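Step one of this worksheet: look at the structure below.
Number of protein chains: 2
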Amino acid sequence: MVRLTVQRQAILDLINRSNQHWDAEELARCLGENGEQLGIATVYRGLAALENAGLIQSIQLADKKRYERADKGHHDHLVCIKCGDIEEFCDNKIESRQQQVAQDRLFQMTGHQLLIFGVCQSCSNDSQESKNL
Amino acid sequence: MVRLTVQRQAILDLINRSNQHWDAEELARCLGENGEQLGIATVYRGLAALENAGLIQSIQLADKKRYERADKGHHDHLVCIKCGDIEEFCDNKIESRQQQVAQDRLFQMTGHQLLIFGVCQSCSNDSQESKNL
DNA sequence: CGGAGAATGATAACCATTATCAATATCAAC
DNA sequence: GTTGATATTGATAATGGTTATCATTCTCCG
Ligand SMILES: [Mn+2]
Ligand SMILES: [Mn+2]
Ligand SMILES: [Zn+2]
Ligand SMILES: [Zn+2]
Chain A
3 MVRLTVQRQA ILDLINRSNQ HWDAEELARC LGENGEQLGI ATVYRGLAAL ENAGLIQSIQ
63 LADKKRYERA DKGHHDHLVC IKCGDIEEFC DNKIESRQQQ VAQDRLFQMT GHQLLIFGVC
123 QSCSNDSQES KNL
Chain B
3 MVRLTVQRQA ILDLINRSNQ HWDAEELARC LGENGEQLGI ATVYRGLAAL ENAGLIQSIQ
63 LADKKRYERA DKGHHDHLVC IKCGDIEEFC DNKIESRQQQ VAQDRLFQMT GHQLLIFGVC
123 QSCSNDSQES KNL
């Protein structure tokens with residue numbers, strides 16, 4: 003059981019009341035702007051503790067870890083290589099095929115992460131416009 | 003077109019003649035032990051250049067990037083959380099569902115990475131044995 | 001040959017994250 | 001409420017993978 007200190011509660015509340023994928027820095031900055039200033043180390047530790055407890059979840063991007071609400075349940079992500087935007091999806095066929103792949107190899111799956119990279123709709127509209135100048 | 007210098011050729015040869023997922027450090031060390039000593043910055047730059055040219059491919063793990071032969075074509079990975087071992091697989095159903103997911107969202111997919119985490123067969127055997135002491 | 005441009009290598013810088021450690025906070029038992 | 005064991009905080013140092021810098025060297029082409 004996590005000790006829900008005021009600091010951790012502040013982190014959890016902010017994440018729960020938003021729909022973003024936060025990194026530690028952004029979270030610390032946003033909390034600071036709202037009068038809840040906490041040390042960056044505390045943010046990192048709090049995030050780890052909350053994730054351990056299953057109260058939040060995370061995705062590991064190339065450069066940093068990003069945290070989001072856990073109440074949405076598991077899903078995977080589309081990451082725009084132009085603007086960094088992150089969209090979500092969950093495909094049951096993909097999920098079950100993964101189970102199958104692991105089972106076939108006697109591999110005890112504990113988790114997975116699927117990232118789809120590309121250009122989001124709004125970014126591909128933008129580049130279409132600039133072509134038509 | 004990549005300039006295939008002796009340093010880059012050495013990197014490429016080592017990767018092509020093995021079946022591992024190398025990180026930059028391992029590669030530099032192994033090359034050094036075989037009389038092909040090159041600066042670590044050169045290794046990083048060489049790997050990036052070779053990957054750009056499509057001569058090698060990589061996977062981004064949480065802590066570091068790992069490189070492997072490109073002639074195996076695209077595939078995804080099972081990563082053992084006990085021993086770090088990396089197994090490979092390719093599932094056409096998963097691949098095509100990904101295309102579909104992206105298409106449905108008007109997301110122009112350029113690539114993806116699927117990592118399945120868990121305990122490999124040999125590690126789960128090991129922990130079974132230790133239970134039977 | 002001569003010179004523009006690219007690559008190399010030693011090393012500094014970067015940046016996300018973790019470790020350290022003294023100061024506080026928390027909680028249970030008295 | 002006081003006390004003490006234990007956990008958390010926060011400032012800051014350290015870590016580790018990777019990139020930037022820059023002087024030197026290589027390569028290619030005219
Ligand atoms: Mn998400
Ligand atoms: Mn592979
Ligand atoms: Zn975008
Ligand atoms: Zn293993």
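As they're listed, the protein sequences go chains A and B. Sequential numbering of the first sequence, starting at 3, is according to the working numbering. Sequential numbering of the second sequence, starting at 3, is according to the working numbering. Glycine is no exception: its CB is placed at the ideal position from the N, C-alpha and C atoms. In this text, all values refer to a predicted model and were calculated from it rather than measured experimentally.
Here the C-alpha atom of S132 of chain A lies approximately 51 angstroms from the C-alpha atom of L108 of chain A. For E89 of chain B, the uninterrupted beta strand (DSSP E) run begins and ends at I88 to F91, by DSSP. The beta carbon of V81 of chain A is closer than 6 angstroms to those of I88, L117 and F119 in its chain, skipping five residues each way along the sequence. Within chain A, the residues D93, K95 and I96 have their CB atoms less than 7 angstroms from the CB of R99 of chain B, given in chain order. Of the candidates A:E27, A:G56 and A:M3, A:G56 places its Cα closest to the Cα of N18 of chain A. Taken through DSSP and simplified to helix, strand or coil, K95 of chain A comes out as helix.
E53 of chain A is outside the set of residues whose beta carbon lies under 8 angstroms from a beta carbon in chain B.
The Cβ atoms of I83 of chain A and V121 of chain A sit closer than 8 angstroms to each other.
When the beta-carbon positions are compared, L16 of chain B and C32 of chain B come within less than 8 angstroms of each other. Here H79 of chain B is near E90 of chain B, since their CB atoms are less than 8 angstroms apart.
Using a Cβ-Cβ cut-off of 8 angstroms, Q115 of chain A counts as an interface residue toward chain B, since at least one Cβ of chain B sits closer than that to its own. Nearest C-alpha to R71 of chain A among A:S129, A:W24, A:D128 and A:S126: A:W24. Around the beta-carbon of I42 of chain A, fewer than 16 other beta-carbon atoms lie within 10 Å, marking it exposed. Pairing S124 of chain B with Q110 of chain A gives a Cβ-Cβ distance that is not under 8 angstroms. At a C-beta separation below 9 angstroms, S126 of chain A has these neighbours in chain B: L108, F109 and Q110. Between G48 of chain B and R10 of chain B, the C-beta gap is smaller than 8 angstroms, which places the two residues in contact. The three-state reading of DSSP puts S124 of chain B in helix, counting H, G and I together. A Cβ closer than 5 angstroms to some heavy atom of ligand 1 marks a residue here, and those residues are A:E70 and A:E90.
A residue is listed when its beta-carbon falls short of 5 angstroms from at least one non-hydrogen atom of ligand 4; in chain order these are B:C82, B:K84, B:C85, B:D87, B:C122 and B:C125.
Rounded to the nearest angstrom, the Cβ distance from Q62 of chain A to A26 of chain B is 19 angstroms, too far for a contact under 8 angstroms. Close CB contacts of K67 of chain A within its chain, under the 6 angstroms cut and outside five residues either way in sequence, are with S60 (chain order).
Under a criterion of Cβ atoms nearer than 9 angstroms, the residues of chain B adjacent to I83 of chain A are, in order, T112 and G113.
Not one heavy atom of ligand 2 lies closer than 7 angstroms to the C-beta of H79 of chain A. Relative to ligand 2, the nearest heavy atom lies less than 7 angstroms away from the CB of H23 of chain B. The alpha-carbon of Q115 of chain A is positioned some 25 angstroms away from that of S129 of chain B.
At least one CB of chain A lies nearer than 8 angstroms to the CB of A64 of chain B.
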